[in-house]
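Okay, so here's the structure we're looking at.
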Amino acid sequence: CVILRPETEWIEIVEAGCGKVVDADKERIKEAYSYFKNKKEELAFPPLFGDGQAAKFICRTILNNE
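Numbering (the working numbering), first residue to last: 426 to 491.
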């Protein structure tokens, strides 16, 4: 995740090494892109915010409660 802001409230993703805060700085954006491109096989995205199945859960809940 390349965060195009000067700061973020999503510090967990940055601390996990899966996000970089780069603001709108062209060089920092390119560096972050290169970092993630070269590390894509090594990165492990921890389930910080759930299991990635929220949309499925919401749709099932809506459909089953009609």
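Using N, Cα and C, we set each Cβ at its ideal position, and we do this for glycine too.
Treat the numbers as computed from the prediction; the structure is a model and nothing was measured.
Please name the residue or residues paired with residue i in a DSSP beta bridge.
{"i": "I428", "result": "V446"}
Would residue i pass as a contact of residue j if the rule is Cβ separation under 7 Å?
{"i": "V427", "j": "K445", "result": "yes"}
{"i": "L473", "j": "E437", "result": "yes"}
{"i": "P471", "j": "A441", "result": "yes"}
Considering just the uninterrupted stretch of the alpha helix (DSSP H) at residue i, what are its terminal residues?
{"i": "N463", "result": "451 to 464"}
{"i": "T486", "result": "479 to 489"}
{"i": "E440", "result": "436 to 440"}
Consider the Cβ of residue i: report whether some Cβ of chain C lies at a distance smaller than 7 Å.
{"i": "L473", "result": "The chain labelled as chain C is not found in the depicted structure, where only one protein chain is given."}
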